[in-house]
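Numbering (UniProt numbering), first residue to last: 1 to 171. Where a beta carbon is used, it is the ideal one built from N, C-alpha and C, also for glycine. Just so we're clear, the structure is a prediction, and the values are computed from it rather than from any experiment. The structure appears below as structure tokens.
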Amino acid sequence: ATRLVRDASEDPASLAAGSRMVIRIMPMQSVTFASLSDLVEGAAPLISQSFGGLRTSPHRAIVEALESMKTRDEELLKTAREKAAAESGTEPGSASSVKYAVRLQRRSAAGFPKDAAVRALAALVPPQHTVSLGAPEVTILVEVFKSLCGVAVVPGYHAMHDFNLHAAAGK
Numbered sequence: 001a002t003r004l005v006r007d008a009s010e011d012p013a014s015l016a017a018g019s020r021m022v023i024r025i026m027p028m029q030s031v032t033f034a035s036l037s038d039l040v041e042g043a044a045p046l047i048s049q050s051f052g053g054l055r056t057s058p059h060r061a062i063v064e065a066l067e068s069m070k071t072r073d074e075e076l077l078k079t080a081r082e083k084a085a086a087e088s089g090t091e092p093g094s095a096s097s098v099k100y101a102v103r104l105q106r107r108s109a110a111g112f113p114k115d116a117a118v119r120a121l122a123a124l125v126p127p128q129h130t131v132s133l134g135a136p137e138v139t140i141l142v143e144v145f146k147s148l149c150g151v152a153v154v155p156g157y158h159a160m161h162d163f164n165l166h167a168a169a170g171k
């Protein structure tokens, strides 16, 4: 996906830029069932790889997100607490700091807990990294399509014109 957008940006006459049928490409590194726990478990290895470790365990991140939102879903919270207690320690974080953002888009999935998902993913990122919604170096992309959820950790998301081929080609 990154190469297609770069090709469209560098050569507006290329086939990538001239596609009539494809306007936007969404990169996905992990695809899971559209549930909060599956999303966080699927995103944890990607976040660990991109940010040099995890701040907390995936299920602990869910517990923190749900508790911070004062959720009424006690069953989901109870399950997350049990799994968090069963997990061992987390990986250490790296020394360098990266500005990041979490971008979550729901399509035909109004029941998906967007705020809790964003908070849980942000809870996984080690504390030395800062949130920057205006100019992030790395973007955690989440696309929820009905019952499926795709996740990718993309450096330079805004420089890629949000993976819109027509915008990259200047059309």
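Name, in chain order, the residues that DSSP records as bridge partners for residue i.
{"i": "T32", "result": "C149"}
{"i": "V144", "result": "R106, C149"}
Given a cut-off of 8 Å, decide if residue j and residue i are closer than it, judged by their beta-carbon atoms.
{"i": "V125", "j": "Y157", "result": "no"}
{"i": "Q105", "j": "V153", "result": "no"}
{"i": "F33", "j": "C149", "result": "yes"}
{"i": "E82", "j": "P58", "result": "no"}
{"i": "L46", "j": "A116", "result": "no"}
{"i": "I140", "j": "V102", "result": "yes"}
{"i": "M28", "j": "V151", "result": "yes"}
{"i": "S35", "j": "A43", "result": "no"}
{"i": "S97", "j": "H129", "result": "yes"}
{"i": "V142", "j": "L39", "result": "yes"}
Residue range of the alpha helix (DSSP H) that residue i falls in?
{"i": "A117", "result": "114 to 124"}
{"i": "A65", "result": "58 to 68"}
Assuming the contact rule is C-beta atoms closer than 8 Å, residue i and residue j should be a hit. Round their C-beta distance to whole Å, please.
{"i": "R55", "j": "P136", "result": "No, R55 and P136 are not in contact; Cβ-Cβ is about 17 Å, not under 8 Å."}
Within its chain, find whatever has a CB closer than 8 Å to the CB of residue i; leave out the 5 residues flanking it on each side and keep chain order.
{"i": "D162", "result": "R24"}
{"i": "E64", "result": "T56, R119, A120, A123"}
I'd like the list of long-range same chain contacts for residue i, defined as Cβ closer than 7 Å, with 5 residues on each side in sequence excluded.
{"i": "P92", "result": "Legend: pLDDT at P92 = 48, less than 50; position of this residue unreliable, no value from coordinates given."}
{"i": "F112", "result": "A34, R106, V144"}
Take residue i and list the residues in its own chain whose beta-carbon comes closer than 6 Å to its own, dropping the five residues that flank it on each side.
{"i": "S94", "result": "Any reading at S94 is ruled out, since the residue's pLDDT is 49, under 50, leaving its predicted position unreliable."}
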